[in-house]
Amino acid sequence: MVKIVFATGNKDKLREVREILADMDVEVVSMKEEGILVDIVEDGKTFEENATIKASTIAKHTDAIVLADDSGLEVDYLNKEPGIYSARYMGEDTSYTIKNQAILDRLEGVEKKDRTARFVCAIAAVLPDKRVLVTRQTMEGTIGFASDGENGFGYDPIFVPDGYDCSSAAISPEEKNEISHRGKALRAMRDLLKKELSR
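Position one of the sequence shown corresponds to residue 610 (this note's numbering), numbered consecutively onward.
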């Protein structure tokens, strides 16, 4: 069985990756499960660069396929903030309850048509021969007027996907996987990896 190391300590992301790659004959493990404990300096200027930095750093410590994602929220009215700094916005140890409320506060009085936003996800794979594959997808929507829902994590409670009247934290995990930026980017990566593994 092919092993894939996913560069995350986030158990929600790991679960999502395992669900989406479930139809492949692969074992998905976390960095920790693989015994890789390294500091990764994310100093890229784009989601793609940061995903590639993460995957390449981990790939130095394993012969397995390494997957890494970099994702975040872009709010158009806020000049695409928090963007690549989504996880570190207002400080890494600041809870998302506080971060989400801060974004809602900054958008106070802004009409729905001007609250456009998107989740972006770039996924990089470093193959055993050190070639790099990258996919990028988005989930378009708007910022709601209040936090809503219990299913999601991060900025999900304030993000309303296009075509929905509730936040992405209020829809089922299965439905979210179908429409989410990470779900779409992972499925695109899955297709690329299937081609590689069938060679």
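Even glycine gets a Cβ: it sits at the ideal position worked out from N, Cα and C.
Would you say the region 722-741 touches the region 673-687, given that touching needs at least three Cβ pairs under 8 angstroms?
yes
Which word fits Arg624, buried or exposed, when buried means at least 16 other C-beta atoms lie within 10 angstroms of its C-beta?
In the sequence shown, the residue the question calls residue 624 occupies position 15. Arg624 should be labelled exposed.
Tell me whether Cys730 is buried or exposed, calling it buried when 16 or more other Cβ atoms sit within 10 Å of its Cβ.
As a working note, residue 730 is residue 121 in the sequence shown. It counts as buried.
Can you confirm whether the region 692-708 touches the region 631-649 when touching is taken to mean that 3 or more C-beta pairs between the two stretches lie within less than 8 angstroms?
no
Under the three-state DSSP convention, the category Met798 falls into
As a working note, residue 798 is residue 189 in the sequence shown. If DSSP states are grouped into helix, strand and coil, Met798 belongs with the helices.
Tell me which residue opens and which closes the alpha helix (DSSP H) that Ser665 is part of.
As a first step, residue 665 is located in the sequence shown; it is residue number 56 there, counting from the start. Taken as a continuous stretch (DSSP letters only), the alpha helix (DSSP H) holding Ser665 covers Phe656 to Ala668.
Name the one or two DSSP bridge partners that Arg727 has.
Here residue 727 corresponds to residue number 118 of the sequence shown, with the count starting at 1. Answer is Glu683 and Glu749.
Three or more C-beta pairs below 8 angstroms linking the region 668-681 and the region 731-750
yes
Distance CB(Val626)-CB(Leu806) smaller than 8 angstroms
The count along the sequence shown starts at 1 and reaches residue 626 at position 17. The count along the sequence shown starts at 1 and reaches residue 806 at position 197. Not in contact: Val626 and Leu806 (Cβ atoms no closer than 8 angstroms).
Beta-carbon within less than 7 angstroms of Thr751's beta-carbon, same chain only, minus the 5 sequence neighbours each way: which residues are those?
Mapped onto the sequence shown, residue 751 falls at position 142. Cβ within range, chain order: Lys721, Arg724, Thr725, Ala726 and Val769.
By how many angstroms is the C-alpha of Arg796 removed from the C-alpha of Val741?
Position 132 of the sequence shown, counted from the first residue, corresponds to residue 741. Position 187 of the sequence shown, counted from the first residue, corresponds to residue 796. Near 17 angstroms, if we compare the C-alpha coordinates of Arg796 and Val741.
Pull up the distance between the alpha-carbon of Val635 and that of Ala755, whole angstroms please.
On the sequence shown, position 26 is the one that residue 635 refers to. On the sequence shown, position 146 is the one that residue 755 refers to. The straight-line gap from Cα to Cα measures roughly 40 angstroms.
Please name the residue, chosen from Glu643, Lys708, Tyr773 and Ile707, that lies closest to Ile617 on a Cα-to-Cα basis.
Numbered from 1 along the sequence shown, position 8 holds the residue referred to as residue 617. What sits at residue 617 in the sequence shown is Thr, not Ile. Here the closest residue by C-alpha is Glu643.
Decide if Lys654 is buried, meaning its Cβ has at least 16 other Cβ atoms within 10 Å, or exposed.
Residue mapping note: residue 654 aligns to position 45 of the sequence shown, counting from 1. With fewer than 16 Cβ atoms within 10 Å of its Cβ, Lys654 is classed as exposed.
Taking a contact to mean a Cβ-Cβ separation below 8 angstroms, would you say Asp765 touches Ser776 in this structure?
Here residue 765 is taken as the residue at index 156 of the sequence shown, counted from 1. Here residue 776 is taken as the residue at index 167 of the sequence shown, counted from 1. Yes.
What residue range is occupied by the uninterrupted alpha helix (DSSP H) comprising Glu643?
For the purposes of this step, residue 643 is taken as residue 34 along the sequence shown, with counting starting at 1. First-last for Glu643: undefined, no H or E at that position.
Please state whether DSSP places Pro691 in a helix, a strand or coil.
For the purposes of this step, residue 691 is taken as residue 82 along the sequence shown, with counting starting at 1. Strand.
Assuming Val626 is part of the beta strand (DSSP E), what are its boundary residues?
Taking the sequence shown and counting its residues from 1, the one referred to as residue 626 is at position 17. It is not in any beta strand (DSSP E) - Val626 instead sits in the alpha helix (DSSP H) that spans Lys620 to Ile629.
Nearest-angstrom beta carbon gap, Leu630 and Val638 [assumed within contact, 8 angstroms]:
Your numbering for residue 638 matches position 29 in the sequence shown. Your numbering for residue 630 matches position 21 in the sequence shown. So it is not a contact: roughly 12 angstroms between Cβ atoms.
Is Lys663 near Asp679, with beta carbons less than 8 angstroms apart?
Looking up residue 663 in the sequence shown gives position 54. Looking up residue 679 in the sequence shown gives position 70. In this structure, Asp679 lies closer than 8 angstroms to Lys663 by Cβ.
What's the gap between the Cα of Val719 and the Cα of Ile712?
Within the sequence shown, residue 719 is the residue found at index 110, counting from 1. Within the sequence shown, residue 712 is the residue found at index 103, counting from 1. Computed Cα separation, rounded: 11 angstroms.
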